[in-house]
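Asks:
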Ligand SMILES: Cc1cc2nc3c(=O)[nH]c(=O)nc-3n(C[C@H](O)[C@H](O)[C@H](O)COP(=O)(O)OP(=O)(O)OC[C@H]3O[C@@H](n4cnc5c(N)ncnc54)[C@H](O)[C@@H]3O)c2cc1C
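Residue numbers (the numbering used here): 34 to 530.
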């Protein structure tokens with residue numbers, strides 16, 4: 034059988050893989066992307082069942098602010114997407130109250146009075162110092178001369194972060210913080226840095242909580258439409274994107290790699306694996322020290338228990354998307370159905386016929402304490418029952434369901450194409466916030482991208498991480514060979530302003 038040859042093979046069309054492929058294609062590489070499903074986006078993809086479309090996991094995309102990746106690529110690669118700001122972005126509901134996260138930050142902060150002012154002043158100050166890292170990946174190591182200069186200029190303000198190292202986000206809340214603020218911080222930490230506020234690394238958590246006001250948007254057709262727009266951009270750059278093309282094995286060959294995929298054999302000088310560490314180890318047929326360490330870190334995280342539903346649109350519903358964070362017991366950990374993130378599709382997404390919408394409901398599940406076999410199915414069913422109850426109690430307007438598709442961590446795997454572990458590595462206090470910022474290959478020519486790689490979980494983070502890994506993989510190789518022929522000069526954002 035013949036072998037197709039490429040400079041780079043990307044395994045997986047999640048946002049990490051798509052972003053890496055785009056950057057490598059910009060640099061002039063001949064790239065192939067293998068995706069085992071028939072659609073891109075992975076955890077942020079959109080799948081179809083019984084004539085309806087559902088967001089598999091992610092529903093809100095960051096990265097549309099000025100200069101951020103999707104804003105830049107919309108112009109540079111003519112991404113065919115329609116994105117709109119939402120307001121409110123989401124609403125937190127619990128027995129004691131309701132709290133919308135307003136599109137306007139100041140309006141939101143005003144809701145908390147004096148208690149909010151001082152807390153949000155500190156939170157904003159931290160976010161203002163850290164967000165440039167997301168927007169200008171060249172500020173992260175390894176730094177060039179301009180990066181070092183930019184850091185020297187920022188040194189006084191960066192030093193202001195030092196006293197926060199080792200602290201948790203929860204410890205920075207005033208003792209008399211109102212329940213609404215405490216719960217908003219806790220729920221925000223849970224969905225961003227993947228742990229409770231009382232564990233969350235303060236610098237990362239305070240930065241992540243600013244996400245809502247830093248270029249978040251609703252993409253018409255869901256985040257899956259954004260992934261498809263990237264696939265189209267890749268194809269325009271000559272990248273081959275192969276769907277229903279699971280990679281079955283990966284082995285070193287000469288100075289590169291040989292992939293055995295459903296569509297045949299592929300040889301590539303570099304491989305970018307958009308996989309969790311354990312999934313990559315399976316492809317290699319063995320673990321490595323780096324992969325085992327990364328896998329242990331992933332196992333400090335979570336699985337997702339999901340519910341997908343078709344719901345009758347209530348009278349007076351706004352046409353846009355609705356995102357709710359529902360809490361059962363505000364004093365208990367926000368896991369295992371005690372907290373659910375509920376997203377209702379927008380009318381314009383076209384996910385369901387007129388008068389109906391589709392819903393994606395998720396909760397974090399602590400897989401470490403899960404029983405095996407029958408017991409596991411019972412646990413999943415109990416969590417889903419609690420999620421149903423949460424919607425019935427706190428969002429009754431969205432509880433007239435005409436169809437439900439429950440999904441356990443195992444069935445979730447079918448929709449997103451990866452093991453039960455989701456959501457990246459929790460950033461608990463005590464971890465150095467820049468841990469993993471120096472991207473290193475797993476083996477010569479073999480790199481990992483995705484939410485278990487710095488800077489972690491979310492569409493924006495995996496996109497930023499994917500670009501950075503692509504830069505690292507190309508360094509000293511592709512750039513030297515191709516820079517004279519590439520129509521993409523060194524990306525402007527890669528150079529620190
Ligand atoms: C329930 C839930 C809700 C979330 N909500 C949000 C949100 O609202 N906003 C947000 O920004 N983030 C959200 N996230 C996080 C975000 O979705 C993820 O961090 C991000 O999408 C993960 O991207 P990734 O690059 O790691 O790739 P993945 O999404 O893991 O994609 C990997 C891809 O690789 C493919 N693949 C796997 N094995 C193979 C193989 N052998 N051969 C070929 N292809 C293979 C898979 O099919 C998949 O498409 C959410 C996550 C979950 C679980």
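Just so it is clear, CB atoms sit at the ideal spot from N, CA and C, and this is done for glycine as well.
Is the beta carbon of residue 226 sitting closer than 8 Å to the one on residue 213?
Replies: Residue numbering aside, residue 226 sits at position 193 when the chain shown is read from its first letter. Residue numbering aside, residue 213 sits at position 180 when the chain shown is read from its first letter. For residue 226 and residue 213, no; Cβs fall outside 8 Å.
Asks: Cβ of residue 383 versus every heavy atom of ligand 1: is any distance shorter than 7 Å?
Replies: Counting from one through the chain shown, the residue named residue 383 turns up at place 350. False, no ligand heavy atom lies under 7 Å from that Cβ.
Asks: Only counting the same chain, and skipping five residues up and downstream in sequence, which positions put a Cβ closer than 6 Å to that of residue 530?
Replies: Here the question's residue 530 lines up with position 497 in the chain shown. Bear in mind that the predicted position of residue 530 carries a pLDDT of just 22, short of 50, making it too unreliable to give a figure here.
Asks: How big is the Cα-Cα spacing for residue 415 and residue 409?
Replies: In the chain shown, the residue the question calls residue 415 occupies position 382. In the chain shown, the residue the question calls residue 409 occupies position 376. Computed Cα separation, rounded: 10 Å.
Asks: So for residue 109, helix, strand or coil by DSSP?
Replies: Here the question's residue 109 lines up with position 76 in the chain shown. Here residue 109 sits in helix by DSSP.
Asks: Compare the Cα-Cα distances from residue 341 to each of 94, 80 and 120 and report the closest residue.
Replies: Working through the chain shown from its first residue, we reach residue 341 at position 308. When only C-alpha atoms are compared, the closest one is 80.
Asks: Any heavy atom of ligand 1 closer than 7 Å to the Cβ of residue 343?
Replies: In the chain shown, the residue the question calls residue 343 occupies position 310. Not so, every heavy atom of ligand 1 lies at least 7 Å from the Cβ.
Asks: Excluding the five sequence neighbours on either side, which residues of its own chain have a C-beta within less than 8 Å of the C-beta of residue 104, listed in chain order?
Replies: The residue labelled residue 104 in the question sits at position 71 within the chain shown. If we look at residue 104 and ignore the five residues flanking it on each side, its Cβ neighbours are 96, 97, 98 and 248.
Asks: Just how far apart, CA to CA, sit residue 230 and residue 139?
Replies: Taking the chain shown and counting its residues from 1, the one referred to as residue 230 is at position 197. Taking the chain shown and counting its residues from 1, the one referred to as residue 139 is at position 106. Whole-angstrom Cα-Cα distance: 22 Å.
Asks: Cβ-heavy atom distance between residue 312 and ligand 1 below 7 Å?
Replies: If you number the chain shown from 1, residue 312 lands on position 279. Checking every heavy atom of ligand 1 against the Cβ of residue 312, one is found closer than 7 Å.
Asks: Using the three-state DSSP reduction, which class does residue 169 fall into: helix, strand or coil?
Replies: Here the question's residue 169 lines up with position 136 in the chain shown. Reduced to three states, the DSSP call for residue 169 is coil.
Asks: Any heavy atom of ligand 1 closer than 7 Å to the beta-carbon of residue 69?
Replies: Here residue 69 is taken as the residue at index 36 of the chain shown, counted from 1. True, at least one ligand heavy atom lies under 7 Å from that Cβ.
Asks: Just the C-alpha distance for residue 518 and residue 61, rounded to the nearest angstrom, thanks.
Replies: The sequence position of residue 518 within the chain shown is 485, counting from 1. The sequence position of residue 61 within the chain shown is 28, counting from 1. In this predicted model, residue 518 has a pLDDT of only 49, less than 50, meaning its place in the structure is not dependable; the value taken from the coordinates is given anyway. Computed Cα separation, rounded: 7 Å.
Asks: Looking at C-beta atoms only, is the number of pairs between the segment 461-474 and the segment 291-298 that lie closer than 8 Å three or more?
Replies: Short answer: they don't touch.
Asks: Check each candidate in 117, 36, 109 and 44 and name the one with the smallest Cα separation from residue 352.
Replies: On the chain shown, position 319 is the one that residue 352 refers to. Ranking the options by Cα distance to residue 352, first place goes to 117.
Asks: I believe residue 511 touches residue 40 by the beta-carbon criterion, under 8 Å. Please report the beta-carbon distance rounded to the nearest angstrom.
Replies: Sequence index remark: in the chain shown, residue 511 carries index 478 (1-based). Sequence index remark: in the chain shown, residue 40 carries index 7 (1-based). That belief holds up - the Cβ atoms of residue 511 and residue 40 are roughly 7 Å apart, short of 8 Å.
Asks: What are the boundary residues of the beta strand (DSSP E) that includes residue 93?
Replies: Within the chain shown, the letter at position 60 stands for residue 93. Where residue 93 is concerned, there is no enclosing beta strand (DSSP E), given that its DSSP letter is neither H nor E.
Asks: Is the segment 57-76 close to the segment 418-426, with three or more CB pairs under 8 Å?
Replies: The answer is no - the segment 418-426 does not touch the segment 57-76, with fewer than three Cβ pairs under 8 Å.
Asks: Buried or exposed: where does residue 406 fall if 16 or more other Cβ atoms within 10 Å of its Cβ makes it buried?
Replies: Along the chain shown, read from residue 1 onward, the residue named residue 406 stands at position 373. So residue 406 counts as exposed.
Asks: Counting only runs that start and end within the segment 310-344, where is the alpha helix (DSSP H) found for 4 or more residues in a row?
Replies: You should have 310-317 and 322-331.
Asks: How would you call residue 326, buried or exposed, if buried means at least 16 neighbouring beta carbons within 10 angstroms?
Replies: Here the question's residue 326 lines up with position 293 in the chain shown. It is exposed - the Cβ of residue 326 has fewer than 16 other Cβ atoms within 10 Å.
Asks: From 260, 177, 51 and 73, pick the residue whose C-alpha is nearest to that of residue 115; which is it?
Replies: The residue you call residue 115 lines up with position 82 of the chain shown. It is 260 whose Cα lies nearest to the Cα of residue 115.
Asks: Please determine if the segment 391-401 and the segment 373-382 are in contact, where contact requires at least 3 C-beta pairs separated by less than 8 Å.
Replies: The answer is yes - the segment 373-382 touches the segment 391-401, with three or more Cβ pairs under 8 Å.
Asks: Evaluate the contact criterion for the segment 264-278 versus the segment 489-499: three or more CB pairs, one atom per stretch, below 8 Å.
Replies: No, because fewer than three Cβ pairs between the segment 264-278 and the segment 489-499 fall closer than 8 Å, the two stretches do not touch.
Asks: With a threshold of 7 Å (Cβ to nearest heavy atom), would residue 48 be considered close to ligand 1?
Replies: Start at 1 with the first residue of the chain shown, and residue 48 comes out as number 15. Yes, ligand 1 has a heavy atom inside 7 Å of this Cβ.
Asks: Is the separation between the beta-carbon of residue 210 and that of residue 222 shorter than 8 Å?
Replies: Position 177 of the chain shown, counted from the first residue, corresponds to residue 210. Position 189 of the chain shown, counted from the first residue, corresponds to residue 222. The answer is no: Cβ separation not under 8 Å.
Asks: Tell me whether residue 465 is buried or exposed, calling it buried when 16 or more other Cβ atoms sit within 10 Å of its Cβ.
Replies: Taking the chain shown and counting its residues from 1, one reaches residue 465 at position 432. The residue in question, residue 465, is exposed, as its Cβ has fewer than 16 Cβ neighbours within 10 Å.
Asks: Have a look at 316, 507 and 402 and flag the residue whose alpha-carbon is nearest the alpha-carbon of residue 369.
Replies: Along the chain shown, one-based indexing puts residue 369 at 336. With distances taken between Cα atoms, residue 369 lies closest to 402.
Asks: How is residue 190 classed by DSSP in three states: helix, strand or coil?
Replies: One-based indexing of the chain shown puts residue 190 at position 157. Here residue 190 sits in helix by DSSP.
Asks: Is it buried or exposed for residue 365, if we count other Cβ within 10 angstroms and need 16 for buried?
Replies: Reading the chain shown from its first residue, position 332 is the one you call residue 365. Burial call: exposed.
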